[in-house]
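**Q**
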Amino acid sequence: MKLLVVGSGGREHALAWKLAQSPRVQMVFVAPGNGGTALEPGLQNVPLTNIKSLAEFAARENVYLTVVGPEAPLAAGIVDDFRARGLRIFGPAKAAAQLESSKDFAKRFMVRHAIPTARYETFTDPDAAVKYIEEQGAPIVVKADGLAAGKGVVVAQSVAEATAAVRMMLGDKHFGEAGARVVIEECLEGEEASFIVMCDGAHVLALATSQDHKRLKDGDEGPNTGGMGAYSPAPVVTPKVHARVMREIILPTVAGMAKDGLPYTGFLYAGLMIDKQGNAKTLEFNCRMGDPETQPIILRLKSDLLELLEHAVAGTLDTIEAQWDRRCALGVVIAASGYPESPRKGDLIEGLDKGTDDTHVFHAATRLEGKTVLTDGGRVLCVTALGDSVRMAHKRAYELAAPIRFPGMQLRHDIGHRAMRDMSGASVKAR
Ligand code: AMP
Ligand code: GLY
20 MKLLVVGSGG REHALAWKLA QSPRVQMVFV APGNGGTALE PGLQNVPLTN IKSLAEFAAR
80 ENVYLTVVGP EAPLAAGIVD DFRARGLRIF GPAKAAAQLE SSKDFAKRFM VRHAIPTARY
140 ETFTDPDAAV KYIEEQGAPI VVKADGLAAG KGVVVAQSVA EATAAVRMML GDKHFGEAGA
200 RVVIEECLEG EEASFIVMCD GAHVLALATS QDHKRLKDGD EGPNTGGMGA YSPAPVVTPK
260 VHARVMREII LPTVAGMAKD GLPYTGFLYA GLMIDKQGNA KTLEFNCRMG DPETQPIILR
320 LKSDLLELLE HAVAGTLDTI EAQWDRRCAL GVVIAASGYP ESPRKGDLIE GLDKGTDDTH
380 VFHAATRLEG KTVLTDGGRV LCVTALGDSV RMAHKRAYEL AAPIRFPGMQ LRHDIGHRAM
440 RDMSGASVKA R
């Protein structure tokens, strides 16, 4: 059978690579894909991004199932369009994708269904927003309401910084419509984790937990990025925390969406803040898998991903379990010169390795020109490896990254530092 993965990042490379290993799959199309998916056996890039063209392609090629990687086509209604044509697709409908595409929608939903999250208010008037910030004091968090490619959140350490963020979003319309409303919320403390599940509208299958590294530089310094590396599992999600997150956040979310008439199908990503007592609050929902979290998660997945997706589409996720490699996986992002502000494109990448069963170089912003691979955007590669401990996975991923070279490349050297510190060699109990 033929499958279609929509997107062009490292997440989509990992999903398509895994799907191509399924014994029943002949071909995985990736639209539009990247230099890595172009080189991968069993995958074929298709230069399409427009929803109508993708649907026509899926119908023409008799694609058995389409999986959507990024949020933009989901927020634009790709799932509704495919379903209307009778095409099988895994992802949330446009109305359900508002859990990510509108922070205000997500916050109102969480309050309505008593799902733990930071206290907040929503504003369209800059003066009212500034007054609220002055009353609350700092630190405080200012978020553009709509999709802003991970750049619409300012964790302000002072009232002046928060006020400037409000003026930028509401006054100067820096994010256009996405910033026409802002959510201002309490600043939470603790450790973050990514909790990603598959939903079929009624049931949930939890994937392995993970942790992302958002800042550009070692020691969590520098600007926020889309993610400079990730590993799985996240030790902060102990079995007890896992059970609480399912009970207090994930299951009420899926039940709440169904009750509100917007049954949630697709990957659901809850960004969590977990405090020292193990209380988890939801920082955000994403209506997709994480990038780069997907790359280590997929490397640990032993089950056939196609089978899991088939259960998700059939509404029978309650009847299966996913099998995970007991080892840890860790992915190091190699980013372009100038990332995140203005990444340079077109640099020649050398030293790429094919990987082994336990390691893989997933491509993100790359393109193939003849036989050479060139950089084509911000996050270029995610070098991912399994290891018996986070420390081993870290060592192996950096060994795989060592020969890779391109001008101006940027990478962090401390991916997994929290888990290495917490564990000091002890075995991993987290999922
Ligand atoms: P979001 O896009 O909402 O996940 O926000 C991006 C990042 O901002 C998160 O991963 C956190 O690091 C940080 N952040 C968001 N909301 C809060 C909050 N209420 N308290 C502390 N940090 C936050
Ligand atoms: N790595 C963060 C995200 O995918 O949103």
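Counting from 20, one number per residue, gives the positions in the sequence shown under my numbering. From the three backbone atoms N, C-alpha and C, an ideal C-beta is built for every residue, glycine too. What you are looking at is a predicted structure, and each value in this text was computed from that prediction instead of being measured.
1) Within the present structure, is the beta-carbon of L207 separated from the nearest heavy atom of ligand 1 by less than 7 Å?
2) Can the beta-carbon of K300 be found less than 8 Å from the beta-carbon of L207?
3) Scan the stretch 338-372 and note each continuous beta strand (DSSP E) run of 3 residues or more that stays entirely inside, going in chain order.
4) Which one of S213, A221, Q45 and V174 has the shortest CA to CA distance from A274?
5) In terms of alpha-carbon separation, which member of Q176, I70 and V352 lies closest to F101?
6) With a threshold of 7 Å (Cβ to nearest heavy atom), would G290 be considered close to ligand 1?
7) For ligand 1, I want to know if L302 counts as a neighbour, meaning its beta carbon is within less than 7 Å of at least one of the ligand's heavy atoms.
8) Please return the same chain residues whose Cβ sits closer than 8 Å to the Cβ of A78, not counting the five positions on each side in sequence.
9) Looking only at C-alpha atoms, which of G290, P60, K21 and E360 sits nearest to W471?
10) At the level of alpha carbons, what is the spacing between K278 and T338?
11) Hey, L73 and L67: beta-carbon distance below 8 Å or not?
12) Give me, in chain order, the residues of the same chain whose beta-carbon lies closer than 8 Å to that of H432; leave out the 5 immediate sequence neighbours on both sides.
13) Considering Cα atoms alone, identify which of G370, C347, R345 and G396 is closest to E360.
14) Determine the contact status of E348 and L405, defining contact as a CB-CB distance below 8 Å.
15) Considering only C-alpha positions, which residue in the set G156, L327 and H232 is nearest to T226?
16) To which residues of the same chain is K113 closer than 6 Å at the C-beta, ignoring the five residues directly before and after it?
17) From the DSSP output, which residues share a beta bridge with G209?
18) Taking 8 Å as the cut-off, decide whether the C-beta atoms of G54 and F381 are in contact.
19) Which residue's Cα is closest to the Cα of R307: F128, I152, E31 and N298?
20) Let's test the definition: count the other Cβ atoms within 10 Å of the Cβ of R266 and tell me whether it reaches 16, buried, or not, exposed.
21) Beta carbon of L325, beta carbon of S41: below 8 Å?
22) Taking 7 Å as the cut-off, is the C-beta of K162 nearer than that to any heavy atom in ligand 1?
23) Between L22 and L84, which are expected to be in contact by the criterion C-beta below 8 Å, what is the C-beta distance as a whole number of angstroms?
24) Give me, in chain order, the residues of the same chain whose beta-carbon lies closer than 6 Å to that of A179; leave out the 5 immediate sequence neighbours on both sides.
25) Going by the CB atoms, is the gap between G110 and V24 shorter than 8 Å?
26) Do T378 and L419 count as a contact pair if the criterion is CB distance below 8 Å?
27) Among G370, D294, F286 and I293, which one has its Cα closest to the Cα of T313?
28) Quick one: grab the DSSP three-state call for Q40.
29) Looking at the unbroken alpha helix (DSSP H) that takes in V260, where does it start and where does it end?
30) Would you give the residue range spanned by the beta strand (DSSP E) that Y151 belongs to?
31) Tell me the DSSP bridge mates of P51?
32) Go ahead and pull the three-state DSSP assignment for T136.
33) How is D231 classed by DSSP in three states: helix, strand or coil?
34) Roughly how many angstroms separate the alpha carbons of M442 and T143, rounded to a whole number?
35) Can you tell which of K295, T244 and R127 has its C-alpha closest to the C-alpha of G209?
36) Check for me: the beta strand (DSSP E) holding G248 runs from which residue to which?
**A** Judging by the given coordinates:
1) yes
2) yes
3) 347-354
4) A221
5) I70
6) yes
7) yes
8) R104 and L106
9) There is simply no residue 471 to check, as the chain begins at 20 and stops at 450 in what is shown.
10) 22 Å
11) yes
12) D237 and Y417
13) G396
14) The sequence shown places Ala at residue 348, not Glu. Their beta carbons are under 8 Å apart, which means A348 touches L405 by this criterion.
15) According to the sequence displayed, residue 226 carries Leu and not Thr. Taking only the C-alpha atoms, the option nearest L226 is L327.
16) G96 and D99
17) The partner list for G209 (beta bridge, DSSP) is empty, contrary to what the question assumes.
18) no
19) E31
20) exposed
21) yes
22) yes
23) 5 Å
24) none
25) no
26) yes
27) F286
28) coil
29) P258 to V264
30) That residue, Y151, is in no beta strand (DSSP E); its alpha helix (DSSP H) goes P145 to Q155.
31) G26
32) strand
33) strand
34) Only weak support exists for where M442 lies, its pLDDT of 49 falling under 50; the value from the coordinates is given anyway. Using only the alpha carbons, I get a separation of about 45 Å.
35) K295
36) G248 to S251
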